[in-house]
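Below is one structure, written out as structure tokens; comments come after it.
There are 2 protein chains.
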Amino acid sequence: MLSDIDIAKKVGLKPIKDIGRSLGLEEEDLELYGKYKAKISYQALDKLQDRPEGKLILVSAITPTPAGEGKTTVSIGLSQALNKIGEKAMVAIREPSLGPVFGIKGGAAGGGYSQVLPMEEINLHFTGDFHAVTAANNTLAALIDNHIHAGNDLQIDPRRVTWKRVLDVNDRALRHVVIGLGGRTQGIPREDGFDITPASEIMAILCLSKDLAELKERIGNITIGFTYDGKPVLEKELGYEGAIAALLKDALKPNLVQTTENTPALVHGGPFANIAQGANSIIATKAALRMADYVVTEAGFGFDLGAEKFFDIVCPNGPMCTSAVVLVATVRALKHHGGAKLSDLNAPNVEALKKGLPNLGKHLENIKKFGMESVVAINRFATDTEEELEIVESYARKHGFDASIVDFWSKGGEGGLELAEEVKRLVDDKRCQMHSLYDWKDSIEDKIKTVATEIYGAKAIDYTSTAKKDLKKINQYGYHELPVCIAKTQKSLSDNPKLLGRPENFLVTVREILIASGAGFVIPITGDIMRMPGLPKAPAAKKITVDDKGDIENLF
Amino acid sequence: MLSDIDIAKKVGLKPIKDIGRSLGLEEEDLELYGKYKAKISYQALDKLQDRPEGKLILVSAITPTPAGEGKTTVSIGLSQALNKIGEKAMVAIREPSLGPVFGIKGGAAGGGYSQVLPMEEINLHFTGDFHAVTAANNTLAALIDNHIHAGNDLQIDPRRVTWKRVLDVNDRALRHVVIGLGGRTQGIPREDGFDITPASEIMAILCLSKDLAELKERIGNITIGFTYDGKPVLEKELGYEGAIAALLKDALKPNLVQTTENTPALVHGGPFANIAQGANSIIATKAALRMADYVVTEAGFGFDLGAEKFFDIVCPNGPMCTSAVVLVATVRALKHHGGAKLSDLNAPNVEALKKGLPNLGKHLENIKKFGMESVVAINRFATDTEEELEIVESYARKHGFDASIVDFWSKGGEGGLELAEEVKRLVDDKRCQMHSLYDWKDSIEDKIKTVATEIYGAKAIDYTSTAKKDLKKINQYGYHELPVCIAKTQKSLSDNPKLLGRPENFLVTVREILIASGAGFVIPITGDIMRMPGLPKAPAAKKITVDDKGDIENLF
Chain B
2 MLSDIDIAKK VGLKPIKDIG RSLGLEEEDL ELYGKYKAKI SYQALDKLQD RPEGKLILVS
62 AITPTPAGEG KTTVSIGLSQ ALNKIGEKAM VAIREPSLGP VFGIKGGAAG GGYSQVLPME
122 EINLHFTGDF HAVTAANNTL AALIDNHIHA GNDLQIDPRR VTWKRVLDVN DRALRHVVIG
182 LGGRTQGIPR EDGFDITPAS EIMAILCLSK DLAELKERIG NITIGFTYDG KPVLEKELGY
242 EGAIAALLKD ALKPNLVQTT ENTPALVHGG PFANIAQGAN SIIATKAALR MADYVVTEAG
302 FGFDLGAEKF FDIVCPNGPM CTSAVVLVAT VRALKHHGGA KLSDLNAPNV EALKKGLPNL
362 GKHLENIKKF GMESVVAINR FATDTEEELE IVESYARKHG FDASIVDFWS KGGEGGLELA
422 EEVKRLVDDK RCQMHSLYDW KDSIEDKIKT VATEIYGAKA IDYTSTAKKD LKKINQYGYH
482 ELPVCIAKTQ KSLSDNPKLL GRPENFLVTV REILIASGAG FVIPITGDIM RMPGLPKAPA
542 AKKITVDDKG DIENLF
Chain H
2 MLSDIDIAKK VGLKPIKDIG RSLGLEEEDL ELYGKYKAKI SYQALDKLQD RPEGKLILVS
62 AITPTPAGEG KTTVSIGLSQ ALNKIGEKAM VAIREPSLGP VFGIKGGAAG GGYSQVLPME
122 EINLHFTGDF HAVTAANNTL AALIDNHIHA GNDLQIDPRR VTWKRVLDVN DRALRHVVIG
182 LGGRTQGIPR EDGFDITPAS EIMAILCLSK DLAELKERIG NITIGFTYDG KPVLEKELGY
242 EGAIAALLKD ALKPNLVQTT ENTPALVHGG PFANIAQGAN SIIATKAALR MADYVVTEAG
302 FGFDLGAEKF FDIVCPNGPM CTSAVVLVAT VRALKHHGGA KLSDLNAPNV EALKKGLPNL
362 GKHLENIKKF GMESVVAINR FATDTEEELE IVESYARKHG FDASIVDFWS KGGEGGLELA
422 EEVKRLVDDK RCQMHSLYDW KDSIEDKIKT VATEIYGAKA IDYTSTAKKD LKKINQYGYH
482 ELPVCIAKTQ KSLSDNPKLL GRPENFLVTV REILIASGAG FVIPITGDIM RMPGLPKAPA
542 AKKITVDDKG DIENLF
């Protein structure tokens, strides 16, 4: 079997100028990064505003196993399938983070015959967007510590600086550090820590800003910490939003690439789906909607995390309306939810599968709560039996949803023509019915309760004393009309990673609530949320290499 | 008076494809980064090997003041002037570091009518080379800490990991840190620190490697630390040189841009000139030599630092031969060496100037020690008087060197036509006479002594007990045939920043000796060498901004 990079190398890529031309973009509208990558200029983005908007389709998933259920592959494959049935479609997805590439995970640009290309470039530095976010984030961090060092006019409490540094590296040794050691001329000693770049609020801001003016405004609104008497300090009190935005002036422009079948793709931005919104940039999705009749996009993790945030945070920020959801399910994950061990998922197990189906059921119920049309995409793996696939299909149908078995990995767009037809049928000639789950004006407690009870299925919410203090501060300083971006494990509908399937009668515990006032949300934290991954004992980096001509080898 | 960025914005840039074509490069030889920046492909570099080589001219300087003496402006201006007198010339210089741009210094891409453009791109992310170095450096750091965390098969002593993390930010708070805190699953606690990216050994390696194979080999040879029983640990024992090289596969390709007068320029790599070699990449300089008859390049800081390393480390690594040195002197710096305060350099002061001239004299003596032809370029400032300029000119002549007053800043290439003619006269129809100062096979002590006595003018060398231990280790483990890259203050010919002019009868104290076995040199440290700058009380970042169309403002 060919690996992703082997398949990628076999594809005849079209010059990105030609891909741009197929979207009505002239050469002057593109800023080329080599032959196969380009950024779309601000002027071109302006010109697009006159065009009509296409339909937006969101790909989400059931509660995933650690390996993921192939959402990106389905998103890319579906855009290819829509083109194959004669429609003008494109895909708009996130950029992968560099850190995990060298760990266990390998690349994150789809797979098999449904990839975005050049995959090795997209997985490494791509057009430098993540590096720009890292530089912007860390320049701001240095400016904050410099302010404290140089007299601290703003009276920032060094123990309550909330702005952390980031690196796009899996580096557990940087999770908890002490900085500013070495004496009086070397800064103020304080506890600190590094997150991975996708967890930076700058990344969340980049993906919510529709232009440079909004980007600057949002950066100015970042809460960087608190004063000795407990008042929040905003970035604009320091006054560096212009310089930080200058570092992001190119990163904000969407990146145009193509899929394995030369379907146009925008790959842009990559915020986490727990402590941030988990979707590619609004600027890219809105540009795609002006260039294609169908735009397929993806939200991170399961429907309870990425999709809920997409409908309650991303779409209202656009504003954008989503016309349909494609919910990706796999026989493997459902068996896992029914009790099968991760190591046994290759073996047929109808009993476990049936026991796991209520996980799918709950996500289907949740989709309806946003007024959304949906179809289930059953992502076929070689080890699935026909009987197992049939069980999932009829379960979906019984609950009033269309279902379609897809194999985009090994067949490209051909692997899901029926899904493409169903999506088309769901969205054509219909007004977009999407609505949010809650009103931003509800209290923070009500918003958390709505998401946790309605979407996760919790019976009640518990707040630690820290969370209660955070809540008080949020209300006191006027952050209470922000939406809630709940950070929760992706492994369960609940906040306990061990509760598989469709948990019931559980409490959700809010441990603390962070303020991301630049991104424009608060982050109730439930459970241990990993913001800086580590490397495994045998990192993928051991095999990855480059040959003498510059070709990357063994990147999966 | 127009600022650098105002002048830069007025210049009519040619498409970089046209600049490439003027050098005999086809469109397929270039990897475009927007319209005005391109990398030269490996295939194109291979093709260049058949062409004859031009002459290499090194721009160096007297001992500089903190503001710098305008070496980059002279390098760029001279390449323009050579074109104006009908020769085919180009310039090959370093990329600026991002950190200082937001501090005091502002940009570093020449000035006035002798800049490399687009200066705001070159000063910010450019083509991502520095970010790639940062990522490569920090990925290796994470892999090292992960090895220790995961069982430490190589028995690396956590107290003696010499591989540091880097960021391209001026951030004093990261100079001394403790990492790995937080308990058993968060890595091994140890003292550590961050350097700025140009100080990374990866940067030194990138600029010494002629192809990807050499790059990988050098990465493998990095000494990352020592075992509990004191043996050096090389990167290749971990085995990640392929992955680290993969991160650098594009960064190794030279960047083609143009000057304010559309002269082709390669701007590539940027190692420090104290703890590293302080010159742009060999791969770029060698490519330039195949594309132009005259290539102007620059070495960091004064002749004693950058140029000595250029002749003793960079050129032998090429191998490359330098045909002439242009030594930049300013009336201002010479007055400073003669005792005038930095705040008084605008006032005429013939007495101080005359007292400062021996600094120039010593550098001129040093040039002869490498068998080199040279001309003094007196970089005119508006506050210089004709009398002062004349004094410098006749001092140079008296010592057997041509001298020429240049004003590349305000006049572009026109500001130094006479210098261009003199350079041409010096190098045309002559065999390259350059030689190194010492034999790499000499002992480390002899090599240090040769540089310190012959070039700095020291009377003797002192070693601290740490340095003596380092020396023992270097001899024991076979690093003794590496050249010495002495880290010394740039403010004095001696290792004491307060000794201006031409110090005599001083001791040089070697405090420790670091091993950069990937780059292929050892680094005797004399004095406090800053490897992570800080920000000033009022950082330049306060004024830098970007307008709504993406134009950078107030970047100097």
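Chains B and H supply the protein sequences, listed in that same order. Position one of the first sequence corresponds to residue 2 (my numbering), numbered consecutively onward. Position one of the second sequence corresponds to residue 2 (my numbering), numbered consecutively onward. Cβ coordinates follow ideal geometry from the N, Cα and C atoms, glycine included. Model, not experiment: these values are computed from the prediction.
Residue i by DSSP, collapsed to three states: which one?
i	result
A383 (chain B)	coil
F522 (chain B)	strand
P349 (chain H)	coil
A488 (chain H)	strand
Q156 (chain B)	coil
E54 (chain B)	coil
N439 (chain B)	Note that residue 439 (chain B) is Tyr in the sequence shown here, rather than Asn. Note: Y439 (chain B) maps to coil in three-state DSSP.
Q116 (chain H)	strand
G303 (chain B)	coil
L354 (chain B)	helix
D403 (chain B)	strand
E423 (chain B)	helix
T186 (chain H)	helix
L216 (chain B)	helix
I20 (chain H)	helix
I242 (chain B)	First, the residue type needs correcting, since residue 242 (chain B) is Glu and not Ile in the sequence shown. E242 (chain B) falls in the helix class under three-state DSSP.
If contacts are defined as beta-carbon pairs under 8 Å, then residue i and residue j qualify, I think. What distance do you get, rounded to the angstrom?
i	j	result
P272 (chain H)	P199 (chain H)	6 Å
I41 (chain B)	A288 (chain B)	6 Å
P190 (chain B)	I314 (chain B)	Not quite, the Cβ-Cβ distance comes to about 37 Å (not below 8 Å), so this is no contact.
G414 (chain B)	K85 (chain B)	4 Å
V329 (chain H)	A404 (chain H)	V329 (chain H) to A404 (chain H), Cβ: 11 Å. No contact.
L257 (chain B)	I20 (chain B)	7 Å
I475 (chain H)	I445 (chain H)	6 Å
L536 (chain H)	N171 (chain H)	5 Å
L508 (chain B)	A468 (chain B)	About 13 Å separates the two Cβ atoms, so there is no contact after all.
F103 (chain H)	T140 (chain B)	6 Å
T163 (chain H)	I225 (chain H)	7 Å
Determine which residues share a DSSP beta bridge with residue i and list them.
i	result
D193 (chain H)	H:V178
A330 (chain B)	B:I379
L483 (chain B)	Its beta-bridge partners do not exist; DSSP assigns none.
Y34 (chain B)	H:Y34
L144 (chain B)	DSSP output for L144 (chain B) lists no bridge partner at all.
M204 (chain H)	Paired residues: none, contrary to the question.
M91 (chain H)	H:V296
I392 (chain B)	Note: I392 (chain B) sits in no beta bridge, so no partner.
K40 (chain H)	H:E32 and H:N256
Does the ligand FMN have even one heavy atom less than 6 Å from the beta-carbon of residue i?
i	result
E122 (chain H)	Ligands in the displayed structure: none, and consequently the ligand FMN is not present.
Does the beta-carbon of residue i have 16 or more other beta-carbons within 10 angstroms, so that it is buried, or is it exposed?
i	result
D408 (chain H)	buried
D440 (chain B)	exposed
S80 (chain B)	buried
M204 (chain H)	buried
Q187 (chain H)	buried
Q259 (chain H)	buried
M435 (chain H)	buried
P119 (chain H)	buried
### Query
When Cβ atoms are compared, which residues of the stretch 144-159 of chain B fall closer than 8 Å to chain H?
L144, D146, N147, H150, A151 and G152
### Message
For the stretch 459-478 of chain B, list every residue whose C-beta sits within 7 Å of some C-beta in chain H, in sequence order.
### Response
none
### Task
Please name the residues in the stretch 231-261 of chain B whose beta-carbon is closer than 9 Å to at least one beta-carbon of chain H, in chain order.
L239, G240, Y241, E242, G243, A244, I245, A246, A247, L248, L249, K250, D251, A252, L253 and K254
### Where the stretch 392-411 of chain B meets chain H: residues whose CB sits under 8 Å from a CB there
none
### Task
Identify each residue in the stretch 95-113 of chain H for which the Cβ-Cβ distance to at least one residue of chain B is less than 7 Å, and report them in chain order.
L99 and F103
### Task
Using a Cβ-Cβ cut-off of less than 7 Å, give me the residues of the stretch 270-285 of chain B that come near chain H, in sequence order.
none
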